[in-house]
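There are 2 protein chains.
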Amino acid sequence: MVDIHRTHYARQLGEDLVGKQVRIGGWIEDVRDIGKLAFVTIRDVTGACQAIVTGDNVQAAVQAPRQSAVIIAGTVQKSKAKDFPVEVKVAEFAILTKAVHPLPIDPTGRVESAPDKRLDARALDLRNPKTAAIFHLRSAGLKVVRDTLRGEGFVEVNTPKIIGSASEGGANLFGFDYFKRKAYLAQSPQLYKEQLTLGLDRVFEIGPYFRAENSHTVRHLTEFTSIDVEAAFLDYEDVMDLVEKVVGNVIRDFNENHRVELAAAGVQEIPFGSNKKIDRLTYEQCLDELVKEGEKLSFGDDLSDAALRKLGEMHRGFYFIMDWPLKLKPFYIHEKEGNEKLSKSFDLQHGYLELVSGGRRLHDPERLRSRLVEQGLNPASFSEHLKAFDWGMPPHSGWGLGYDRLMMVLTGSQNVRDVVLYPRDTDRLTP
Amino acid sequence: MVDIHRTHYARQLGEDLVGKQVRIGGWIEDVRDIGKLAFVTIRDVTGACQAIVTGDNVQAAVQAPRQSAVIIAGTVQKSKAKDFPVEVKVAEFAILTKAVHPLPIDPTGRVESAPDKRLDARALDLRNPKTAAIFHLRSAGLKVVRDTLRGEGFVEVNTPKIIGSASEGGANLFGFDYFKRKAYLAQSPQLYKEQLTLGLDRVFEIGPYFRAENSHTVRHLTEFTSIDVEAAFLDYEDVMDLVEKVVGNVIRDFNENHRVELAAAGVQEIPFGSNKKIDRLTYEQCLDELVKEGEKLSFGDDLSDAALRKLGEMHRGFYFIMDWPLKLKPFYIHEKEGNEKLSKSFDLQHGYLELVSGGRRLHDPERLRSRLVEQGLNPASFSEHLKAFDWGMPPHSGWGLGYDRLMMVLTGSQNVRDVVLYPRDTDRLTP
């Protein structure tokens with residue numbers, strides 16, 4: 001019976017270990033047979049190392065299919081190989097699970113695979129250092145986001161993904177039978193997070209949300225990860241500062257602590273203005289700029305994908321668009337004092353891509369009811385939500401950040417499917 | 432227009448601020464009118480403070496419904512009140528949103544409310560310091576869990592909640608129409624997390640899962656939060672050590688850093704054996720103990736709720752039950768070498784309550800296929816999963832921890848609904 005435990009990861013093998021016994025677990029990436037011995041490259045989650053195999057083990061190594069899971073044990077010695085300062089002279093060479101060839105993709109990345117093939121074999125694709133780097137960065141970013149929000153006094157919450165009413169009109173919701181009733185999958189925690197400011201003051205949630213949208217783009221999925229915050233007694237410009245801090249901290253962490261993963265993903269350094277501030281354009285400024293560029297737009301028009309692409313060419317990197325026309329924004333968005341055609345709202349853009357949407361919310365139940373009616377929604381179907389506004393709702397602001405899209409931007413990926421382990425779209429339900 | 436920004440939280444008001452201007456945002460908990468002035472207790476997320484209101488503001492304060500959202504500004508001065516070292520002499524007193532009475536529950540907790548009424552008014556219930564404490568602890572625990580797992584080299588992942596096949600038989604799954612196909616809500620990330628060990632080595636996920644179970648108990652919900660881990664090259668006893676570390680760190684953090692919240696929840700200190708180890712009983716030991724107590728059980732029988740309650744009386748606090756009969760465990764569980772009737776499996780119990788289930792997994796595709804057949808499952812419907820085992824699957828172990836249940840135990844709650852903000856069960860879909 002093989003001992004499955006290892007003592008070290010590949011990256012830990014250094015000259016300080018020369019003469020020591022080690023056990024390494026990983027997979028066979030390469031074997032070079034030179035007769036009496038073989039050089040085996042073994043990779044694990046941290047990197048690659050070289051194993052020198054002799055005797056009976058040579059045949060075993062030569063016959064082992066690439067990508068098989070192995071565990072080796074032996075003595076660390078200095079190496080003459082240019083890529084490895086040390087190597088392992090193998091005493092025990094055990095194949096744990098043989099890989100079955102042909103493999104659906106080449107996880108070394110030497111042979112490029114079609115995106116769909118990679119997604120079909122995602123687990124194997126994670127042996128490609130570039131793919132692995134993206135998901136290590138994704139994990140690292142979540143920590144920075146949470147630490148930043150906690151540092152600002154936000155409490156992590158879990159709100160339900162199963163909801164009882166198709167509140168925002170019911171479009172694009174997945175519905176299902178729920179013990180003789182109808183239930184839906186949440187598109188966002190919007191209503192819950194607003195209610196929670198009543199007692200918890202500042203809340204955040206990072207979770208999956210669902211949209212039954214028949215989109216075929218590089219930036220839409222039916223299931224996505226959203227970072228949502230909501231805070232009492234903050235105005236919209238305060239939570240824009242918070243966006244800046246969250247995104248800025250992730251970028252700094254990646255640039256400072258994850259250079260290796262960034263490089264593996266093909267990114268040298270993520271640019272983020274020298275003053276760590278993000279430009280704040282108003283909707284009307286954007287309109288002026290676009291009209292000058294020949295776009296036919298007037299106040300109240302939404303900015304089309306084409307318009308946003310043009311804007312993204314004029315404003316490289318991140319920028320906010322704020323003070324949108326009120327009628328373009330959802331019922332819960334607060335109007336701007338002094339100009340009620342405008343709203344206390346903002347989007348964070350990166351080029352044409354919308355990453356964040358947020359704003360100050362209405363806290364007055366009467367105005368909220370009026371806005372529902374104005375937007376053709378039925379206040380009765382929001383009764384569960386509206387009642388919380390009769391319990392002394394504080395003024396509050398918040399935002400939702402599409403984490404998958406942020407990861408696209410930061411890892412230089414052109415398709416959201418590159419930064420989601422098992423993406424879901426109209427065509428893809430497996431693996 | 433009222434400035435909605437505050438400068439301080441209630442808990443921050445101390446003698447160091449005497450003479451300083453402050454703005455406090457919160458809600459009116461109490462008003463005592465003594466003629467020319469009124470004492471107003473204002474509570475926010477951190478605690479309560481006293482405001483001294485004079486002049487025109489007295490009438491406003493006296494007439495303000497309790498629980499209304501307010502913001503006050505004034506000067507900090509020493510107080511003669513026994514509960515407050517300092518108080519705020521109010522210059523500005525602004526009611527932001529009036530509470531509408533009668534309120535559905537008394538959030539001060541002075542009048543006890545029925546559990547269902549509290550859930551119907553959860554946002555208001557969060558103004559009850561006991562309820563708030565539970566959810567502050569819940570948030571704090573998530574940080575400790577994540578930090579512990581990251582410290583052990585685990586990568587945070589997000590696997591899909593929408594799945595394409597009812598893989599483990601289809602019982603208790605919520606199903607729905609998905610672009611002319613059938614999709615389901617995931618009950619666990621089991622298959623995904625196993626696959627991911629192929630490249631990411633150690634993964635964890637904290638997310639919502641769904642069970643269409645017609646249960647009416649204090650410990651089952653249709654939507655629950657699970658902490659899942661899976662690790663290559665670890666055996667089941669290694670991941671039991673990890674359970675011990677994760678649970679132990681949460682308990683230590685609560686006992687050391689969250690005494691106030693624990694006390695508010697009604698817990699003095701969470702006991703956790705002096706050596707921070709959790710007893711490891713085998714299934715067969717448990718069987719012997721139960722038979723001695725008169726239970727009619729023989730090898731291979733599952734332990735009923737009644738049996739577990741009896742066991743819980745004999746073993747107070749946390750304990751593991753390990754080495755279950757193989758046939759009682761899911762197809763992916765590894766048999767014990769040397770006794771193939773037993774499995775490398777474990778549950779973490781607290782009294783009768785199962786908190787964690789885990790074990791070593793099969794990594795050999797042939798044995799996995801045989802086990803599927805033995806258990807009456809069709810390997811063909813697992814083809815998407817099985818193919819990953821042909822890519823050099825490492826030996827691996829893992830577990831799933833029901834976070835809601837852990838929070839029940841740690842906060843001394845008798846009902847899982849006390850530790851979930853918006854619980855979902857067969858009857859409850861709102862708010």
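Protein sequences, first through last, are from chains A and B.
If you read the first sequence in our numbering, its first letter stands for residue 1, the second for the next number, and so on.
If you read the second sequence in our numbering, its first letter stands for residue 432, the second for the next number, and so on.
Beta carbons are placed, not taken as given, at the ideal position from N, Cα and C, and that holds for glycine.
At a CB-CB cut-off below 8 Å, which residues of chain B make contact with residue 201 of chain A?
-> Here residue 201 of chain A is taken as the residue at index 201 of the first sequence, counted from 1. For residue 201 of chain A, the neighbours in chain B by C-beta distance under 8 Å run, in chain order, 475 and 476.
Would you be able to state if there are at least three C-beta pairs under 8 Å between the region 494-503 of chain B and the region 518-529 of chain B?
-> yes
Who are the near neighbours of residue 586 of chain B in its chain, counting only those whose CB is closer than 6 Å to its CB and skipping five residues on each side?
-> To locate residue 586 of chain B, count along the second sequence from 1; it is residue 155. Same-chain partners within the cutoff: 631 and 634.
In terms of alpha-carbon separation, which member of B/653, B/612 and B/658 lies closest to residue 620 of chain B?
-> Against the second sequence, residue 620 of chain B aligns to sequence position 189. Out of B/653, B/612 and B/658, B/658 has the C-alpha closest to the C-alpha of residue 620 of chain B.
Given 8 Å as the limit, is there contact between the region 416-425 of chain A and the region 108-123 of chain A, that is, 3 or more CB pairs closer than that?
-> yes
When A/335, A/244 and A/369 are compared against residue 320 of chain A, the one with the closest alpha-carbon | Stepping through the first sequence from its first residue, residue 320 of chain A is reached at position 320. Of A/335, A/244 and A/369, the residue nearest in Cα terms is A/244.
Which residues, in order along the region 832-849 of chain B, keep a beta-carbon less than 8 Å from a beta-carbon of chain A?
-> Residues: none.
Is it true that the CB of residue 610 of chain B sits closer than 9 Å to the CB of residue 60 of chain A?
-> Numbered from 1 along the first sequence, position 60 holds the residue referred to as residue 60 of chain A. Numbered from 1 along the second sequence, position 179 holds the residue referred to as residue 610 of chain B. It is not a contact, given that the beta carbons lie outside the stated cut-off.
Going by beta carbon distance, what residues of the same chain come within less than 8 Å of residue 36 of chain A, once the five residues before and after it are set aside?
-> As a working mapping, residue 36 of chain A is identified with position 36 in the first sequence. Only 54 and 58 meet the Cβ criterion.
Which of the residues in the region 362-389 of chain A, read from start to end, lie with their CB under 8 Å from any CB of chain B?
-> 363, 364, 365, 384, 385, 387, 388 and 389
Under the rule that 16 or more other beta-carbon atoms within 10 Å means buried, what is residue 405 of chain A, buried or exposed?
-> Position 405 of the first sequence holds residue 405 of chain A. Buried, by the Cβ-count rule.
Please work out which residues of its chain come closer than 8 Å, Cβ to Cβ, to residue 608 of chain B, disregarding the five sequence neighbours upstream and downstream, and give them in chain order.
-> Counted from its first residue, the second sequence places residue 608 of chain B at position 177. Same-chain partners within the cutoff: 614.
Classify residue 222 of chain A as buried or exposed, calling it buried when 16 or more other Cβ atoms lie within 10 Å of its own Cβ.
-> As a position in the first sequence, residue 222 of chain A is number 222, starting the count at 1. Residue 222 of chain A should be labelled buried.
Confirm, please, whether the CB-CB distance from residue 640 of chain B to residue 588 of chain B is below 9 Å.
-> Residue numbering aside, residue 588 of chain B sits at position 157 when the second sequence is read from its first letter. Residue numbering aside, residue 640 of chain B sits at position 209 when the second sequence is read from its first letter. No; because the gap between Cβ atoms is not below 9 Å, this pair is not in contact.
Could you spell out the range, first to last residue, of the beta strand (DSSP E) harbouring residue 208 of chain A?
-> The count along the first sequence starts at 1 and reaches residue 208 of chain A at position 208. Its beta strand (DSSP E) spans residues 202-210.
What runs of the alpha helix (DSSP H), each 4 residues or longer, lie entirely inside the region 111-199 of chain A?
-> 115-120, 122-125 and 129-151
Check the Cβ-Cβ distances between residue 671 of chain B and every residue of chain A, and say whether any is below 9 Å.
-> Along the second sequence, one-based indexing puts residue 671 of chain B at 240. Under the Cβ distance rule, residue 671 of chain B does not count among the residues neighbouring chain A, no pair being separated by less than 9 Å.
Residues in its own chain within less than 7 Å of residue 6 of chain A by CB, not counting five upstream and five downstream?
-> Counted from its first residue, the first sequence places residue 6 of chain A at position 6. Counting only Cβ-Cβ distances below 7 Å, and skipping sequence neighbours, we find 23, 24, 25 and 71.
Do residue 27 of chain A and residue 127 of chain A come within 9 Å of each other at the CB atom, strictly closer than that value?
-> If you number the first sequence from 1, residue 127 of chain A lands on position 127. If you number the first sequence from 1, residue 27 of chain A lands on position 27. Yes, the pair counts as a contact, with Cβ atoms nearer than the cut-off.
With 9 Å as the threshold, decide whether the Cβ of residue 435 of chain B is near any Cβ in chain A.
-> Position 4 of the second sequence, counting from 1, holds the residue named residue 435 of chain B. Closer than 9 Å: yes.
Integer Cβ distance of residue 808 of chain B from residue 799 of chain B, believed to fall under 8 Å = Start at 1 with the first residue of the second sequence, and residue 808 of chain B comes out as number 377. Start at 1 with the first residue of the second sequence, and residue 799 of chain B comes out as number 368. That belief does not hold up - the Cβ atoms of residue 808 of chain B and residue 799 of chain B are roughly 11 Å apart, past 8 Å.
Selection of the region 307-325 of chain A by Cβ proximity to chain B, strictly under 9 Å | Result list empty, no residue passes.
Establish whether the CB of residue 270 of chain A and some CB of chain B are separated by less than 9 Å.
-> For the purposes of this step, residue 270 of chain A is taken as the residue at position 270 of the first sequence. Residue 270 of chain A does not count as touching chain B.
Is residue 483 of chain B buried or exposed, if buried means 16 or more other CB atoms sit within 10 Å of its CB?
-> For this step, residue 483 of chain B is matched to residue 52 along the second sequence. Buried: at least 16 other Cβ atoms inside 10 Å.
Mind checking which residues open and close the alpha helix (DSSP H) that includes residue 768 of chain B?
-> Walking along the second sequence from the start, residue 768 of chain B turns up at place 337. First-last for residue 768 of chain B: undefined, no H or E at that position.
Would you tell me roughly how many angstroms separate the C-alpha atoms of residue 392 of chain A and residue 365 of chain A, rounded to the nearest one?
-> In the first sequence, the residue the question calls residue 392 of chain A occupies position 392. In the first sequence, the residue the question calls residue 365 of chain A occupies position 365. So the alpha carbons of these two residues sit roughly 10 Å apart.
Stretch pair the region 681-695 of chain B + the region 717-736 of chain B: three plus CB contacts closer than 8 Å | no
Proximal residues to residue 584 of chain B (C-beta, below 8 Å), its chain only, five neighbours per side dropped | Taking the second sequence and counting its residues from 1, one reaches residue 584 of chain B at position 153. Closer than 8 Å at the Cβ level, and outside the excluded window around residue 584 of chain B, lie 632 and 633.
Alpha carbon to alpha carbon, how far is residue 862 of chain B from residue 175 of chain A?
-> Working through the second sequence from its first residue, we reach residue 862 of chain B at position 431. Working through the first sequence from its first residue, we reach residue 175 of chain A at position 175. Taking the straight line joining both Cα atoms gives about 17 Å.
Around the C-beta of residue 780 of chain B, are 16 or more other C-beta atoms found within 10 angstroms, so that it is buried, or is it exposed?
-> Counting from 1 along the second sequence, the entry for residue 780 of chain B is found at position 349. So residue 780 of chain B ends up on the buried side.
CB contact below 9 Å: residue 281 of chain A versus chain B | The residue you call residue 281 of chain A lines up with position 281 of the first sequence. Closer than 9 Å: no.
Mind checking the region 171-186 of chain A against chain B and listing, in chain order, the residues whose C-beta falls within less than 7 Å of any C-beta there?
-> 174, 175, 176, 178, 179, 181 and 183
Whose Cβ in chain A lies nearer than 7 Å to the Cβ of residue 853 of chain B?
-> As a first step, residue 853 of chain B must be located in the second sequence, where it is residue number 422. The contacting residues are 159, 160 and 192.
CA nearest to the CA of residue 253 of chain A, picked from A/88, A/144, A/4 and A/45 = For the purposes of this step, residue 253 of chain A is identified with residue 253 of the first sequence, where counting begins at 1. Ranking A/88, A/144, A/4 and A/45 by Cα distance to residue 253 of chain A puts A/144 first.
Given residue 580 of chain B as reference, the closest of B/840, B/533, B/728 and B/637 once Cα atoms are compared | By 1-based counting over the second sequence, the position of residue 580 of chain B is 149. Minimum Cα distance to residue 580 of chain B is reached at B/637.
Would you identify the three-state DSSP class for residue 824 of chain B, choosing helix, strand or coil?
-> As a position in the second sequence, residue 824 of chain B is number 393, starting the count at 1. If DSSP states are grouped into helix, strand and coil, residue 824 of chain B belongs with coil.
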